[in-house]
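Take a look at the structure below.
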């Protein structure tokens, strides 16, 4: 790892497009400013790992747990009727049930 | 949307999936996620399959084993603050584009433990069918938002085993 010493207000360039500035040092916290192209995604490390871990777990839908989704589906719809609070937002995106990209599940005949 | 009709039939593709077998779907229903889901960059093309509302499956076209359960983000109502990534270079989302928010669900054997990742939803630009998973910096958004609501009480009974389907996917 390359280690550089910088003072508040000083910056480091990574290539042409990324500039990292030490904005402020306050106790044991350092504020860092990042200028980067929009396509560069910038995450706090712990959140990045947290999302990877959650995605991994989401990808492992165990056999048998699908039945749980049915109960959850019933629970969800009664919540919507009951509470009234959690209502689908009346936006143009949601005029049909669920996102438009949904395609009907259609088994191909063998 | 495109008015073109080829012999009255929209072109289809065949998708292999471990869970649902072989599926034939319209070619234009394929969602392209150039970066894949975070940590799963190998899967870049997906189709959506309806399940019990509000759930759908996001089935990977490139990998038969890879599938996620998702919920339409608009189901969470106005309290769910998930601003669309206007100008995102991967999905080229413009102000007047229609988009879908897909919240990734972590399904647990006990439905009460099943959660939704509100912190990192997938946005799909419906104009070009491109998708991207966005991480929100908002500390109020949970990666494990419980979907089960105790207040509805009676729903618990309906999760009995009466629907013991024999087909057990992996």
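Chains as they are written, first to last, in my numbering: chain A, 1 to 110; chain D, 1 to 170. Even for Gly, the Cβ is constructed at its ideal location relative to N, Cα and C.
Between the CA atoms of residue j and residue i - distance to the nearest angstrom
| i | j | result |
| --- | --- | --- |
| residue 88 of chain D | residue 38 of chain A | 7 Å |
| residue 28 of chain D | residue 21 of chain A | 44 Å |
| residue 15 of chain D | residue 56 of chain D | 16 Å |
| residue 2 of chain A | residue 33 of chain A | 19 Å |
| residue 45 of chain A | residue 150 of chain D | 34 Å |
| residue 69 of chain A | residue 119 of chain D | 21 Å |
| residue 12 of chain A | residue 19 of chain A | 6 Å |
| residue 45 of chain D | residue 139 of chain D | 30 Å |
| residue 97 of chain D | residue 25 of chain A | 42 Å |
| residue 78 of chain A | residue 148 of chain D | 11 Å |
| residue 114 of chain D | residue 10 of chain A | 46 Å |
| residue 55 of chain A | residue 48 of chain D | 17 Å |
| residue 51 of chain D | residue 6 of chain A | 54 Å |
| residue 31 of chain A | residue 19 of chain D | 47 Å |
| residue 103 of chain D | residue 27 of chain A | 38 Å |
| residue 163 of chain D | residue 74 of chain A | Note that residue 163 of chain D has pLDDT 43, beneath the 50 cutoff, so the model's placement of it is unreliable and the number below is only indicative. Cα to Cα, residue 163 of chain D sits roughly 14 Å from residue 74 of chain A. |
| residue 11 of chain D | residue 128 of chain D | 17 Å |
| residue 84 of chain A | residue 99 of chain D | Its pLDDT being 42, under 50, residue 84 of chain A is placed unreliably in this model, and the value from its coordinates should be taken loosely. Residue 84 of chain A and residue 99 of chain D: Cα-Cα distance of roughly 24 Å. |
| residue 14 of chain A | residue 49 of chain A | 23 Å |
| residue 40 of chain A | residue 33 of chain D | 15 Å |
Proximity of residue i and residue j at Cβ, strictly below 7 Å
| i | j | result |
| --- | --- | --- |
| residue 121 of chain D | residue 76 of chain A | no |
| residue 84 of chain D | residue 93 of chain D | yes |
| residue 61 of chain A | residue 25 of chain D | no |
| residue 71 of chain D | residue 105 of chain D | yes |
| residue 111 of chain D | residue 4 of chain A | no |
| residue 38 of chain D | residue 51 of chain A | yes |
| residue 43 of chain D | residue 60 of chain D | yes |
| residue 86 of chain D | residue 79 of chain D | no |
| residue 17 of chain D | residue 64 of chain D | yes |
Contact set between residue i and chain A, taken where Cβ atoms lie within less than 9 Å
| i | result |
| --- | --- |
| residue 18 of chain D | The premise fails here: residue 18 of chain D is roughly 11 Å from chain A at the closest Cβ pair, so nothing lies under 9 Å. |
| residue 40 of chain D | 52, 55, 56 and 59 |
| residue 118 of chain D | Within chain A, no residue comes near residue 118 of chain D; the closest Cβ sits about 11 Å away, beyond 9 Å. |
| residue 143 of chain D | 47, 50, 51, 53 and 54 |
Chain B contact residues for residue i, given Cβ-Cβ distances below 9 Å
| i | result |
| --- | --- |
| residue 68 of chain A | Looking for chain B here will not work: the only protein chains present are A and D. |
Integer Cβ distance of residue i from residue j, believed to fall under 8 Å
| i | j | result |
| --- | --- | --- |
| residue 36 of chain A | residue 68 of chain D | With a Cβ gap of about 28 Å, residue 36 of chain A and residue 68 of chain D do not count as contacting. |
| residue 73 of chain D | residue 31 of chain D | So it is not a contact: roughly 15 Å between Cβ atoms. |
| residue 143 of chain D | residue 125 of chain D | Not confirmed; about 24 Å, so no contact. |
| residue 109 of chain D | residue 65 of chain A | 5 Å |
| residue 123 of chain D | residue 134 of chain D | 6 Å |
Interface partners of residue i on chain D, CB under 8 Å
| i | result |
| --- | --- |
| residue 39 of chain A | 89 and 90 |
| residue 4 of chain A | Within chain D, no residue comes near residue 4 of chain A; the closest Cβ sits about 26 Å away, beyond 8 Å. |
Proximal residues of chain D, C-beta to C-beta of residue i below 7 Å
| i | result |
| --- | --- |
| residue 47 of chain A | 135 |
| residue 27 of chain A | Correct list: empty, because the minimum Cβ distance to chain D is about 20 Å. |
| residue 17 of chain A | Under the 7 Å cutoff, chain D gives no residues; its nearest Cβ is about 13 Å from residue 17 of chain A. |
| residue 31 of chain A | None at all; the shortest Cβ gap to chain D is about 14 Å. |
Listed by chain order, chain A residues near residue i by CB distance under 7 Å
| i | result |
| --- | --- |
| residue 104 of chain D | 55 and 58 |
| residue 93 of chain D | The premise fails here: residue 93 of chain D is roughly 12 Å from chain A at the closest Cβ pair, so nothing lies under 7 Å. |
beta-carbon residue i near the ligand NAD non-hydrogen atom, thresh 6 Å
| i | result |
| --- | --- |
| residue 14 of chain A | Because no ligand of any kind appears in the structure shown, any question about the ligand NAD cannot be addressed here. |
Where residue i meets chain A, residues with beta-carbon distance less than 8 Å
| i | result |
| --- | --- |
| residue 69 of chain D | 58, 61 and 69 |
message = My parser needs the beta strand (DSSP E) runs of 3 or more residues fully inside the region 87 to 121 of chain D; what are they?
response = 99 to 106
ask   = What are the start and end residues of each continuous alpha helix (DSSP H) run of 4 or more residues lying completely inside the region 18 to 76 of chain D, in chain order?
value = none
ask   = Unbroken beta strand (DSSP E) runs of length 3 or more, entirely within the region 14 to 57 of chain A: which are they?
value = 18 to 26 and 29 to 35
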